[in-house]
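> Before we start, here is the structure in question, set down as structure tokens.
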Amino acid sequence: MENKMSVLFEPRKMGRLKIPNRLVRSATAERMARPDGTCGPQMEKLYSDLAQGGVGLIIVGHACVREDGRNRLSMTGIYNDDHIPGLMKVVEAIHKYGAKAVSQINHAGRQTTPAVIGKTPMAPSAVTNKATGLTPREMTLAEIEDMINAFGHAAHRAKAAGFDGVQIHSAHGYLISEFNSPYTNTRQDEWGGTAEKRMRFITEVYKEVRRQVGDSYPVLVKLNADDCLEGGITVEEVSEIAVRLERLGIDAIEISGGMAESKVGTIRAGIDSREKEAYFLPYAKRLKKAVSVPLLLVGGIRSPEAAEEILDRGWADFISLCRPLIREPNLPSEWKNGRTEKAACISCGKCSKYPDRFINCEVIHPGHPEGSF
Ligand SMILES: Cc1cc2nc3c(=O)[nH]c(=O)nc-3n(C[C@H](O)[C@H](O)[C@H](O)COP(=O)(O)O)c2cc1C
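All residue numbers for the sequence shown refer to this note's numbering, where the first residue is 265 and numbers rise by one.
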């Protein structure tokens, strides 16, 4: 990269949120929470390192809005007020180095197991999860209402912890994306049966979150643009969701895809050429035509040239990175200081293979022995 100021390091507004540059750390589960969902000093250290590395916005790994929304025992909680003090320290660690902090709120829906939550997982419909072989139970109408409230309360806690914004996780086959998708939502009541009814859940979650955090607080969403399996959501429906959320006041949309059952989906292997980078780019181009709200693009972006081209061409407004920053938290600073090579991450995906070990690059620290409770 030339030493002239790259577009990657220009400050930019993301709706109501001002970000010091165009690089975002996409939410990455840390797998560091204690069994009660609280987080401790390991999380502070992780986020301090990331913020020092120069990334502009850090979306902290998904936090569950209810205890039965955990996908792993080590998932961070945001389902009661005892979680707030630990999260506050994480936010302080991020702010100390000038980065912004957003909390991602999630419920695992059918992508968890009784071993983790102590009961049968719930979902919009009782559609067997081929990745686990488990069939969830269909949520009742009262449970749907409770769930919407749980997202709202979680967003309120995120604000109380000092986060600069909140991101609603509506991707990767977790609960909200399960409602959006015809693959996982086969209901025939007011929450399913047509695209309009399937997107009602995310709409209501957004409205409740907005009600809880107020009009001026940044609210983002991470959206599956493609479930990456037959019978999944169509890009036309995703565009409609995006348009609706924009109309309601969403600050930004992060584009992703895939779910646990997709053969090739969220976390793709072998991104070893420029052509393979930015594997959800076609969806960004498509959504750009539908909405004017800022778009974040994630998925296989590895080189500064690819990232710059995406921004220069206006295909997306922010570049989100996950695995590259697990291996090299300093990557943004290095690019800023003239490094021209792409991320060292080889996209093997092994960092996602060990759910009960602290987040770790398995290539440079195989086994990570100290990384579990
Ligand atoms: C270890 C690991 C944990 C992840 N945790 C989350 C998460 O908590 N929330 C989320 O939305 N995506 C999560 N992701 C997906 C990433 O945010 C990102 O969408 C995906 O890895 C593709 O981007 P990349 O090619 O830059 O890694 C995770 C990915 C990995 C590898």
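The C-beta atom is built at its ideal place from N, Cα and C for all residues, glycine as well. If you're wondering where the values come from, they're calculated on a predicted model, not measured in any experiment.
Closer than 8 Å is the cut-off here; do at least three beta carbon pairs connect the segment 542-554 with the segment 314-321?
no
> Are the CB atoms of Ile-381 and Asp-332 nearer to each other than 8 Å?
yes
> Please confirm whether Pro-275 and Asn-285 have their CB atoms less than 8 Å apart.
yes
> Once the 5 residues before and after Ile-535 are set aside, which same chain residues still bring their CB inside 7 Å of it?
Glu-541, Gly-564, Arg-566, Ser-611
> Looking at the unbroken beta strand (DSSP E) that takes in Lys-364, where does it start and where does it end?
Start and end: 364-370.
> Fully enclosed by the segment 268-321, which alpha helix (DSSP H) runs are 4 residues long or longer?
305-316
> Is Gly-320 near Leu-281, with beta carbons less than 8 Å apart?
no
> With distances taken Cα to Cα, identify the nearest neighbour of Ile-283 among Leu-310, Ile-358, His-347, Ser-338.
Ile-358
> Tell me the start and end of each unbroken alpha helix (DSSP H) in the segment 412-479 that is at least 4 residues and wholly inside, in chain order.
439-444, 459-462, 464-477
> Expressed to the nearest angstrom, what Euclidean distance is found between the alpha-carbon atoms of Cys-586 and Ala-379?
27 Å
> Does the segment 438-446 touch the segment 458-467, meaning 3 or more C-beta pairs lie closer than 8 Å?
yes
> Tell me whether Ala-656, by its Cβ, gets closer than 7 Å to a heavy atom of ligand 1.
Because the chain in this structure spans residues 265 to 637, residue 656 falls outside the shown range and cannot be described.
> Roughly how many angstroms lie between the CA atoms of Asn-267 and Asn-601, to the nearest whole one?
A caution first: Asn-267 carries a pLDDT of 49, below 50, which makes its placement in the model unreliable, though a value can still be read off. Each residue's alpha carbon lies about 7 Å from the other.
> According to DSSP, simplified to helix, strand and coil, what is Arg-577?
coil
> For Arg-334, count the other beta carbons within 10 Å of its own beta carbon; 16 or more makes it buried, fewer makes it exposed. Which is it?
buried
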